[in-house]
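Counting in this note's numbering, the sequence shown runs from 90 upward without gaps. Notes to accompany the following structure.
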Amino acid sequence: MPANLQPLAGAERAAALGLLRGVRPASRPCFSGLCSVTAAGLARSGAHFSAVHADAHKLAAAAATSRDVFGMASVSVPLDLCVEAEALGAQVDFCAGAEPAQYARVPQFPLTKLSQLQIDPRPVAELGRVSVVAQAIRLLVQSVGQQALVGAWVPGPFTLALYLVDGDALLNQIVEEPAAVSAGLQQLADFIARVARVYLAAGADFITVHEMGGSPGYVGLRTFRRVVQAPLQQLLQALPAPRVLSMCGKLDAALGLLAGLAAEAINIDHLTDAAAARAALAPGQLLFGNIDPAGVLAHGTPAQVQQAVLAAAEHVDAIWPGCDLDLSAPDANLLAMVAAARQLPPN
90 MPANLQPLAG
100 AERAAALGLL
110 RGVRPASRPC
120 FSGLCSVTAA
130 GLARSGAHFS
140 AVHADAHKLA
150 AAAATSRDVF
160 GMASVSVPLD
170 LCVEAEALGA
180 QVDFCAGAEP
190 AQYARVPQFP
200 LTKLSQLQID
210 PRPVAELGRV
220 SVVAQAIRLL
230 VQSVGQQALV
240 GAWVPGPFTL
250 ALYLVDGDAL
260 LNQIVEEPAA
270 VSAGLQQLAD
280 FIARVARVYL
290 AAGADFITVH
300 EMGGSPGYVG
310 LRTFRRVVQA
320 PLQQLLQALP
330 APRVLSMCGK
340 LDAALGLLAG
350 LAAEAINIDH
360 LTDAAAARAA
370 LAPGQLLFGN
380 IDPAGVLAHG
390 TPAQVQQAVL
400 AAAEHVDAIW
410 PGCDLDLSAP
420 DANLLAMVAA
430 ARQLPPN
(Lines of atoms letter the chains of each structure in order from A and count residues from 1; the text may use other names and numbers.)
(Lines give C-alpha, C1' and ligand atoms only; values in the text may rest on other atoms or scores of the structure.)
Protein backbone atom coordinates (compact mmCIF):
# COMPACT_ATOMS: atom_id res chain seq x y z
CA MET A 1 0.00 0.00 0.00
CA PRO A 2 1.37 3.46 -0.80
CA ALA A 3 2.60 5.26 2.30
CA ASN A 4 -0.06 7.96 2.05
CA LEU A 5 -2.76 5.28 2.26
CA GLN A 6 -1.45 3.50 5.35
CA PRO A 7 -4.27 3.17 7.91
CA LEU A 8 -4.22 6.26 10.11
CA ALA A 9 -3.70 4.60 13.51
CA GLY A 10 -7.35 4.34 14.36
CA ALA A 11 -8.27 7.97 13.61
CA GLU A 12 -10.49 7.01 10.69
CA ARG A 13 -12.09 4.23 12.74
CA ALA A 14 -12.91 6.75 15.45
CA ALA A 15 -14.34 9.18 12.90
CA ALA A 16 -16.54 6.52 11.29
CA LEU A 17 -17.75 5.14 14.62
CA GLY A 18 -18.46 8.62 15.91
CA LEU A 19 -20.46 9.35 12.78
CA LEU A 20 -22.57 6.23 13.27
CA ARG A 21 -23.22 7.38 16.82
CA GLY A 22 -24.33 10.84 15.73
CA VAL A 23 -21.10 12.81 16.10
CA ARG A 24 -20.19 14.26 12.72
CA PRO A 25 -16.42 14.37 12.12
CA ALA A 26 -14.62 17.00 10.11
CA SER A 27 -13.86 14.40 7.44
CA ARG A 28 -16.03 12.08 5.36
CA PRO A 29 -14.73 8.61 6.23
CA CYS A 30 -14.45 5.99 3.51
CA PHE A 31 -15.75 2.66 4.72
CA SER A 32 -18.44 0.05 4.05
CA GLY A 33 -20.66 -2.42 5.82
CA LEU A 34 -20.93 -4.71 2.80
CA CYS A 35 -18.58 -7.08 0.98
CA SER A 36 -15.52 -4.92 0.28
CA VAL A 37 -12.91 -7.29 -1.10
CA THR A 38 -11.54 -7.89 -4.58
CA ALA A 39 -9.80 -10.79 -6.26
CA ALA A 40 -6.60 -8.77 -6.48
CA GLY A 41 -6.75 -7.91 -2.80
CA LEU A 42 -7.62 -11.47 -1.84
CA ALA A 43 -4.50 -12.71 -3.56
CA ARG A 44 -2.59 -10.99 -0.75
CA SER A 45 -4.38 -13.18 1.83
CA GLY A 46 -3.15 -16.33 0.12
CA ALA A 47 -6.57 -17.90 -0.40
CA HIS A 48 -8.92 -18.28 -3.34
CA PHE A 49 -12.22 -16.52 -2.72
CA SER A 50 -14.21 -19.75 -2.81
CA ALA A 51 -12.11 -21.21 0.03
CA VAL A 52 -12.61 -18.47 2.62
CA HIS A 53 -16.31 -18.75 3.45
CA ALA A 54 -16.28 -21.80 5.73
CA ASP A 55 -13.02 -21.12 7.59
CA ALA A 56 -13.05 -18.34 10.19
CA HIS A 57 -9.32 -17.62 9.96
CA LYS A 58 -9.36 -17.42 6.16
CA LEU A 59 -12.55 -15.35 6.24
CA ALA A 60 -11.04 -12.87 8.68
CA ALA A 61 -7.80 -12.64 6.70
CA ALA A 62 -9.73 -12.03 3.49
CA ALA A 63 -11.96 -9.36 5.05
CA ALA A 64 -8.93 -7.60 6.54
CA THR A 65 -7.66 -6.82 3.04
CA SER A 66 -10.20 -3.97 2.87
CA ARG A 67 -8.05 -2.18 5.42
CA ASP A 68 -4.63 -3.72 4.85
CA VAL A 69 -4.56 -3.40 1.06
CA PHE A 70 -6.83 -0.43 0.38
CA GLY A 71 -6.77 1.54 3.63
CA MET A 72 -10.52 1.57 4.20
CA ALA A 73 -11.75 2.45 7.68
CA SER A 74 -13.67 -0.82 8.02
CA VAL A 75 -13.64 -4.55 7.51
CA SER A 76 -16.86 -6.51 7.05
CA VAL A 77 -18.10 -10.09 7.06
CA PRO A 78 -19.51 -12.34 5.76
CA LEU A 79 -18.28 -12.29 2.17
CA ASP A 80 -21.37 -13.89 0.66
CA LEU A 81 -25.13 -13.40 0.87
CA CYS A 82 -25.98 -17.05 1.47
CA VAL A 83 -25.24 -17.54 5.19
CA GLU A 84 -28.85 -17.23 6.36
CA ALA A 85 -30.24 -19.21 3.42
CA GLU A 86 -27.81 -22.03 4.16
CA ALA A 87 -28.82 -21.97 7.83
CA LEU A 88 -32.41 -22.45 6.63
CA GLY A 89 -31.56 -25.49 4.52
CA ALA A 90 -30.34 -24.16 1.17
CA GLN A 91 -27.35 -25.78 -0.49
CA VAL A 92 -24.64 -23.29 -1.41
CA ASP A 93 -22.29 -23.39 -4.39
CA PHE A 94 -19.09 -21.55 -3.46
CA CYS A 95 -17.94 -21.66 -7.11
CA ALA A 96 -14.74 -23.49 -6.19
CA GLY A 97 -11.93 -22.84 -8.62
CA ALA A 98 -13.95 -20.42 -10.74
CA GLU A 99 -11.83 -17.95 -12.69
CA PRO A 100 -12.47 -15.14 -12.38
CA ALA A 101 -13.63 -15.49 -8.78
CA GLN A 102 -17.39 -15.44 -8.27
CA TYR A 103 -19.76 -14.82 -5.38
CA ALA A 104 -21.37 -17.87 -3.80
CA ARG A 105 -24.86 -18.74 -5.01
CA VAL A 106 -27.81 -21.01 -4.24
CA PRO A 107 -28.17 -23.26 -7.31
CA GLN A 108 -31.53 -24.76 -6.32
CA PHE A 109 -34.25 -23.14 -4.23
CA PRO A 110 -35.15 -25.26 -1.19
CA LEU A 111 -38.81 -24.12 -1.16
CA THR A 112 -41.50 -23.83 -3.81
CA LYS A 113 -43.60 -21.56 -1.59
CA LEU A 114 -42.62 -19.28 1.27
CA SER A 115 -45.48 -20.80 3.28
CA GLN A 116 -43.39 -24.01 3.44
CA LEU A 117 -40.78 -22.23 5.57
CA GLN A 118 -39.79 -24.11 8.72
CA ILE A 119 -37.10 -22.62 10.94
CA ASP A 120 -34.85 -24.94 12.94
CA PRO A 121 -35.58 -24.29 16.64
CA ARG A 122 -31.94 -24.64 17.67
CA PRO A 123 -29.95 -21.51 18.56
CA VAL A 124 -28.98 -19.78 15.33
CA ALA A 125 -25.29 -19.91 16.28
CA GLU A 126 -25.51 -23.69 15.78
CA LEU A 127 -26.87 -23.43 12.25
CA GLY A 128 -24.84 -23.43 9.06
CA ARG A 129 -21.91 -21.01 9.00
CA VAL A 130 -23.25 -18.48 11.49
CA SER A 131 -20.63 -19.55 14.05
CA VAL A 132 -17.88 -19.26 11.41
CA VAL A 133 -18.82 -15.65 10.72
CA ALA A 134 -19.04 -14.92 14.45
CA GLN A 135 -15.58 -16.36 15.01
CA ALA A 136 -14.22 -14.33 12.09
CA ILE A 137 -15.63 -11.22 13.77
CA ARG A 138 -13.81 -12.10 16.99
CA LEU A 139 -10.57 -12.59 15.08
CA LEU A 140 -10.99 -9.26 13.28
CA VAL A 141 -11.71 -7.45 16.54
CA GLN A 142 -8.46 -8.87 17.92
CA SER A 143 -6.34 -8.20 14.84
CA VAL A 144 -7.60 -4.90 13.40
CA GLY A 145 -10.35 -3.75 15.73
CA GLN A 146 -8.28 -0.87 17.10
CA GLN A 147 -7.60 0.49 13.61
CA ALA A 148 -10.82 -0.27 11.69
CA LEU A 149 -14.51 -0.67 12.30
CA VAL A 150 -15.63 -4.29 12.27
CA GLY A 151 -18.94 -4.51 10.46
CA ALA A 152 -21.32 -7.39 9.89
CA TRP A 153 -24.14 -7.54 7.42
CA VAL A 154 -27.31 -9.52 6.92
CA PRO A 155 -29.86 -9.69 4.11
CA GLY A 156 -33.22 -8.03 4.40
CA PRO A 157 -36.22 -10.37 4.74
CA PHE A 158 -37.28 -10.12 1.11
CA THR A 159 -33.73 -10.59 -0.14
CA LEU A 160 -33.41 -13.73 1.98
CA ALA A 161 -36.72 -15.00 0.62
CA LEU A 162 -35.30 -14.73 -2.91
CA TYR A 163 -32.61 -17.25 -1.90
CA LEU A 164 -35.26 -19.69 -0.70
CA VAL A 165 -37.99 -19.37 -3.36
CA ASP A 166 -37.84 -18.64 -7.09
CA GLY A 167 -38.38 -14.92 -7.61
CA ASP A 168 -41.19 -15.23 -10.16
CA ALA A 169 -42.96 -17.77 -7.96
CA LEU A 170 -42.63 -15.46 -4.97
CA LEU A 171 -44.14 -12.54 -6.87
CA ASN A 172 -47.06 -14.76 -7.88
CA GLN A 173 -47.52 -15.82 -4.26
CA ILE A 174 -47.71 -12.16 -3.22
CA VAL A 175 -50.81 -11.88 -5.44
CA GLU A 176 -52.34 -15.28 -4.66
CA GLU A 177 -51.62 -15.64 -0.93
CA PRO A 178 -50.39 -12.31 0.44
CA ALA A 179 -51.10 -13.18 4.08
CA ALA A 180 -48.91 -16.29 3.88
CA VAL A 181 -46.08 -14.33 2.26
CA SER A 182 -46.30 -11.61 4.90
CA ALA A 183 -46.21 -14.22 7.66
CA GLY A 184 -43.16 -15.87 6.10
CA LEU A 185 -41.34 -12.55 5.79
CA GLN A 186 -42.08 -11.79 9.43
CA GLN A 187 -40.55 -15.14 10.39
CA LEU A 188 -37.50 -14.34 8.29
CA ALA A 189 -37.17 -10.90 9.90
CA ASP A 190 -37.10 -12.51 13.34
CA PHE A 191 -34.57 -15.12 12.19
CA ILE A 192 -32.27 -12.52 10.62
CA ALA A 193 -32.40 -10.40 13.77
CA ARG A 194 -31.26 -13.40 15.81
CA VAL A 195 -28.33 -13.93 13.44
CA ALA A 196 -27.39 -10.26 13.65
CA ARG A 197 -27.42 -10.39 17.44
CA VAL A 198 -24.93 -13.28 17.33
CA TYR A 199 -22.65 -11.06 15.23
CA LEU A 200 -23.04 -8.15 17.63
CA ALA A 201 -22.29 -10.39 20.60
CA ALA A 202 -19.10 -11.47 18.82
CA GLY A 203 -17.95 -7.84 18.72
CA ALA A 204 -19.28 -6.27 15.50
CA ASP A 205 -19.41 -2.47 15.77
CA PHE A 206 -22.49 -2.13 13.59
CA ILE A 207 -24.92 -4.07 11.43
CA THR A 208 -25.83 -3.34 7.83
CA VAL A 209 -29.13 -4.71 6.52
CA HIS A 210 -28.70 -5.31 2.80
CA GLU A 211 -32.20 -5.30 1.30
CA MET A 212 -31.06 -5.33 -2.29
CA GLY A 213 -33.70 -7.77 -3.55
CA GLY A 214 -36.54 -5.90 -1.87
CA SER A 215 -35.47 -2.47 -3.08
CA PRO A 216 -38.31 -0.31 -4.43
CA GLY A 217 -36.03 0.20 -7.40
CA TYR A 218 -36.46 -3.48 -8.26
CA VAL A 219 -39.81 -4.68 -6.90
CA GLY A 220 -41.60 -1.37 -7.42
CA LEU A 221 -43.07 1.05 -4.96
CA ARG A 222 -46.41 -0.76 -4.64
CA THR A 223 -44.86 -4.14 -3.78
CA PHE A 224 -42.42 -2.48 -1.41
CA ARG A 225 -45.26 -0.84 0.49
CA ARG A 226 -47.40 -3.97 0.41
CA VAL A 227 -44.98 -6.68 1.49
CA VAL A 228 -41.40 -5.46 2.01
CA GLN A 229 -41.69 -2.41 4.23
CA ALA A 230 -43.28 -3.92 7.36
CA PRO A 231 -40.94 -6.91 7.84
CA LEU A 232 -37.94 -4.73 7.01
CA GLN A 233 -38.99 -2.26 9.70
CA GLN A 234 -39.57 -5.19 12.07
CA LEU A 235 -35.99 -6.34 11.50
CA LEU A 236 -34.48 -2.90 11.94
CA GLN A 237 -36.46 -2.24 15.11
CA ALA A 238 -35.22 -5.53 16.56
CA LEU A 239 -31.60 -4.38 16.29
CA PRO A 240 -29.71 -1.88 18.43
CA ALA A 241 -28.18 1.25 16.95
CA PRO A 242 -26.16 1.91 14.93
CA ARG A 243 -28.00 0.35 11.99
CA VAL A 244 -27.30 0.93 8.30
CA LEU A 245 -29.86 0.10 5.61
CA SER A 246 -28.36 -0.51 2.18
CA MET A 247 -30.56 -0.52 -0.91
CA CYS A 248 -29.59 -0.65 -4.57
CA GLY A 249 -31.47 0.73 -7.54
CA LYS A 250 -33.32 3.96 -8.24
CA LEU A 251 -35.02 4.93 -4.98
CA ASP A 252 -36.11 8.49 -5.72
CA ALA A 253 -39.86 7.75 -5.51
CA ALA A 254 -39.44 5.86 -2.22
CA LEU A 255 -37.15 8.21 -0.32
CA GLY A 256 -39.90 9.40 1.99
CA LEU A 257 -40.62 5.80 2.99
CA LEU A 258 -36.96 5.06 3.65
CA ALA A 259 -36.70 8.10 5.89
CA GLY A 260 -39.31 6.51 8.15
CA LEU A 261 -37.39 3.28 8.65
CA ALA A 262 -35.47 2.61 11.85
CA ALA A 263 -31.97 3.06 10.45
CA GLU A 264 -29.41 5.62 11.54
CA ALA A 265 -27.97 5.63 8.01
CA ILE A 266 -29.13 4.82 4.48
CA ASN A 267 -26.63 3.64 1.85
CA ILE A 268 -27.62 4.36 -1.75
CA ASP A 269 -26.03 3.59 -5.08
CA HIS A 270 -25.38 5.81 -8.08
CA LEU A 271 -28.89 5.33 -9.52
CA THR A 272 -30.48 7.38 -6.74
CA ASP A 273 -30.30 11.17 -6.78
CA ALA A 274 -28.07 11.89 -3.78
CA ALA A 275 -29.29 15.49 -3.46
CA ALA A 276 -32.91 14.32 -3.35
CA ALA A 277 -32.00 11.63 -0.84
CA ARG A 278 -30.30 14.16 1.41
CA ALA A 279 -33.37 16.39 1.30
CA ALA A 280 -35.79 13.53 2.01
CA LEU A 281 -34.07 11.90 4.97
CA ALA A 282 -35.19 12.54 8.51
CA PRO A 283 -33.27 15.08 10.63
CA GLY A 284 -30.09 13.46 11.88
CA GLN A 285 -30.39 10.49 9.54
CA LEU A 286 -27.11 9.82 7.73
CA LEU A 287 -26.60 9.31 4.01
CA PHE A 288 -23.86 7.01 2.72
CA GLY A 289 -22.82 6.20 -0.83
CA ASN A 290 -22.97 6.45 -3.70
CA ILE A 291 -19.95 5.20 -5.65
CA ASP A 292 -20.90 2.84 -8.47
CA PRO A 293 -19.22 -0.52 -7.72
CA ALA A 294 -20.02 -2.30 -10.98
CA GLY A 295 -19.27 0.67 -13.23
CA VAL A 296 -16.76 3.24 -12.08
CA LEU A 297 -14.96 1.12 -9.45
CA ALA A 298 -14.78 -2.00 -11.62
CA HIS A 299 -14.29 -0.48 -15.07
CA GLY A 300 -13.50 3.20 -14.65
CA THR A 301 -10.16 4.94 -14.27
CA PRO A 302 -8.68 6.31 -11.04
CA ALA A 303 -9.49 9.81 -12.31
CA GLN A 304 -13.13 8.83 -12.82
CA VAL A 305 -13.24 7.33 -9.34
CA GLN A 306 -11.88 10.56 -7.92
CA GLN A 307 -14.58 12.56 -9.71
CA ALA A 308 -17.27 10.20 -8.40
CA VAL A 309 -16.02 10.73 -4.84
CA LEU A 310 -16.03 14.50 -5.28
CA ALA A 311 -19.59 14.40 -6.63
CA ALA A 312 -20.82 12.13 -3.83
CA ALA A 313 -19.18 14.27 -1.17
CA GLU A 314 -21.52 17.13 -2.04
CA HIS A 315 -24.34 15.21 -0.37
CA VAL A 316 -23.20 12.17 1.64
CA ASP A 317 -21.82 11.86 5.16
CA ALA A 318 -19.50 8.96 4.31
CA ILE A 319 -18.06 7.57 1.10
CA TRP A 320 -19.38 4.05 0.53
CA PRO A 321 -19.58 1.84 -2.54
CA GLY A 322 -23.27 1.65 -3.40
CA CYS A 323 -23.34 -2.14 -3.18
CA ASP A 324 -20.98 -5.11 -2.87
CA LEU A 325 -17.74 -4.63 -4.75
CA ASP A 326 -17.26 -6.27 -8.11
CA LEU A 327 -14.57 -8.85 -7.38
CA SER A 328 -12.74 -7.79 -10.55
CA ALA A 329 -12.27 -4.18 -9.43
CA PRO A 330 -8.61 -3.17 -9.84
CA ASP A 331 -6.46 -2.13 -6.89
CA ALA A 332 -5.83 1.28 -8.43
CA ASN A 333 -9.51 2.22 -8.31
CA LEU A 334 -10.02 1.21 -4.67
CA LEU A 335 -6.86 3.06 -3.70
CA ALA A 336 -8.11 6.08 -5.65
CA MET A 337 -11.44 6.02 -3.79
CA VAL A 338 -9.76 6.01 -0.38
CA ALA A 339 -7.20 8.64 -1.40
CA ALA A 340 -9.87 10.94 -2.83
CA ALA A 341 -11.94 10.65 0.36
CA ARG A 342 -8.91 11.54 2.48
CA GLN A 343 -8.23 14.60 0.34
CA LEU A 344 -11.74 16.04 0.66
CA PRO A 345 -11.94 19.46 2.32
CA PRO A 346 -13.28 19.46 5.90
CA ASN A 347 -17.04 19.55 6.40
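Think of the CB as a built atom: it goes at the ideal place given N, C-alpha and C, for glycine as much as any other residue.
- If you check the CB distance, P410 and A129 do not come in under 8 angstroms.
- Its chain contains E173, A174, L277 and I281 as the residues whose beta carbon lies nearer than 7 angstroms to that of L249, once the 5 sequence neighbours on both sides are disregarded; these appear in chain order.
- Around Q323, the same chain offers A278 as residues with beta carbons nearer than 6 angstroms, after the five sequence neighbours per side are excluded.
- In the structure shown, F198 adopts coil according to DSSP, grouped into three states.
- Distance from L414 to L386 at the Cβ level is roughly 7 angstroms; contact confirmed, criterion being Cβ atoms closer than 8 angstroms.
- In this structure, A162 places its C-beta atom within 8 angstroms of the C-beta atom of R102.
- In its chain, beyond the 5 residues on either side, L206, L253 and V254 have a beta carbon closer than 7 angstroms to the beta carbon of L200.
- The beta carbons of A343 and L310 sit closer together than 8 angstroms.
- The C-alpha of S417 is placed about 30 angstroms away from the C-alpha of A352.
- Here Q191 has C184 as same chain residues with Cβ atoms under 6 angstroms from its own Cβ, once five neighbours each way along the sequence are excluded.
- The alpha carbon of V284 has as its nearest neighbour, out of V195, H137 and L170, the alpha carbon of L170.
- In the structure shown, D257 falls within a helical segment according to DSSP collapsed to helix, strand and coil.
- The DSSP assignment places 238–244 as complete runs of the beta strand (DSSP E) inside the stretch 200–265, in order along the chain (cut-off: 3 residues).
- DSSP places V112 in the coil class of the three-state scheme, outside both helix and strand.
- Per DSSP, the beta bridge partners of A407 are F377.
- Ranking A149, L259 and A293 by CA distance to the CA of F198 puts L259 first.
- In terms of Cα proximity to G373, the closest of G245, L109 and N261 is L109.
- The alpha-carbon of T390 is positioned some 26 angstroms away from that of A237.
- According to the DSSP assignment, H388 belongs to the alpha helix (DSSP H) that extends over V385 to H388.
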